[in-house]
Amino acid sequence: MSGEGDGRQAIRKLAPGKLVIASHNEGKVREIKALLSPFGIEPISAGSLGLPEPEETGTTFVANAELKAMQAADLSGLPSLADDSGLCVEALNGDPGIFSARWAGPGKDFAVAMELVEQKIGEKGPAASRDAHFVCALALAWPDGHVEWFEGRVDGTLVWPPRGANGFGYDAMFLPNGHEQTFGEMAPEAKHAMSHRADAFRQLVAAVF
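Position one of the sequence shown corresponds to residue 156 (the numbering used here), numbered consecutively onward.
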């Protein structure tokens, strides 16, 4: 998917050079840099440029990604890529969803966030579904206001207790369908090959590189 949600193919290509990664989440920045490395792109994090984190006022992943990418492009004068992603739990009607980071509290403690998810599933009773999926929306913005966007997804189930110290966020409790390791147990290359972020990146690469 790209553009304004109308399914058209991206019409603007991204030239090699500097690209701002509009995130202050070091785990995300690390993953995005790894995914961009083959394309002659020089990623710079918003944090290293001292750019502020905008308030995420959008009601969808795409809206929040666009908001972050457009602010970073405007302030830096460079093309900017933003990611908005989260965990959607079937038994919780899609929560935490766009509020996935907020469930971790002001200290961004995802151990707390994972416990909260597990607690809320438990409140639904022993028959509650443990199905969940991760969504990643990528927005690529230029300083003139042009934006392309792409959305990826990966489905799985939630395990408890969390397993593995790799990854970040909710990775340690997410077991992708067809696999025996959680994202927290997988080597980064294995996760990159199949994650929601990788799915969105495949679409971005096909369209703009």
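Idealized CB from N, CA, C, for every residue including glycine.
Nothing here was measured: the structure is a model prediction, and the numbers come from that model.
Item checked: Bounding residues of the beta strand (DSSP E) (the contiguous stretch that carries residue 295) -> 286-296
Check: Mind pulling the beta strand (DSSP E) runs of 3 or more residues that sit fully within the stretch 199-252?
Finding: 235-244
Notebook entry, point to check: For residue 308, which three-state DSSP category applies?
Noted result: strand
Checklist line | Beta carbon of residue 194 nearer than 8 angstroms to that of residue 364 | finding: yes
Notebook entry, point to check: Assuming residue 313 and residue 287 make a contact with CB atoms under 8 angstroms, what is their CB distance in whole Å?
Noted result: The pair is a contact, with the Cβ atoms about 5 angstroms apart (cut-off 8 angstroms).
Notebook entry, point to check: Counting Cβ pairs, one atom from each stretch, are 3 or more of them under 8 angstroms apart for the stretch 236-251 and the stretch 173-180?
Noted result: yes
Check: Ends of the alpha helix (DSSP H) at residue 187?
Finding: First-last of the alpha helix (DSSP H) with residue 187: 181-191.
Note to self: Measuring CB atoms only, is the stretch 256-264 touching the stretch 286-300, in the sense that at least three cross pairs come out at less than 8 angstroms?
What the structure shows: no
Next item on the list: Taking only the alpha-carbon atoms, compute the straight-line gap between residue 255 and residue 216 and give it to the nearest angstrom.
Entry: 11 angstroms
Checklist line | Assigned secondary structure, residue 316 (DSSP; H/G/I helix, E/B strand, else coil) | finding: coil
Next item on the list: Write down the C-beta distance between residue 319 and residue 340 rounded to the nearest angstrom, noting that I regard them as a contact closer than 8 angstroms.
Entry: That belief holds up - the Cβ atoms of residue 319 and residue 340 are roughly 3 angstroms apart, short of 8 angstroms.
Notebook entry, point to check: Given a threshold of 16 other Cβ atoms within 10 Å of its Cβ, counted over all protein chains shown, does residue 267 qualify as buried or as exposed?
Noted result: Burial check for residue 267: the Cβ neighbour count within 10 Å stays below 16, so the residue is exposed.
Notebook entry, point to check: With distances taken from CA atoms, which of 227, 244, 207 and 185 is nearest residue 275?
Noted result: 244
Margin query: Taking the alpha helix (DSSP H) that residue 339 belongs to, which residues open and close that run?
Written below: Here residue 339 belongs to no alpha helix (DSSP H), and DSSP marks it neither H nor E.
Notebook entry, point to check: Considering only C-alpha positions, which residue in the set 308, 315, 354 and 353 is nearest to residue 271?
Noted result: 315
Check: What three-state label does DSSP hand residue 170 in the structure shown?
Finding: In the structure shown, residue 170 adopts coil according to DSSP, grouped into three states.
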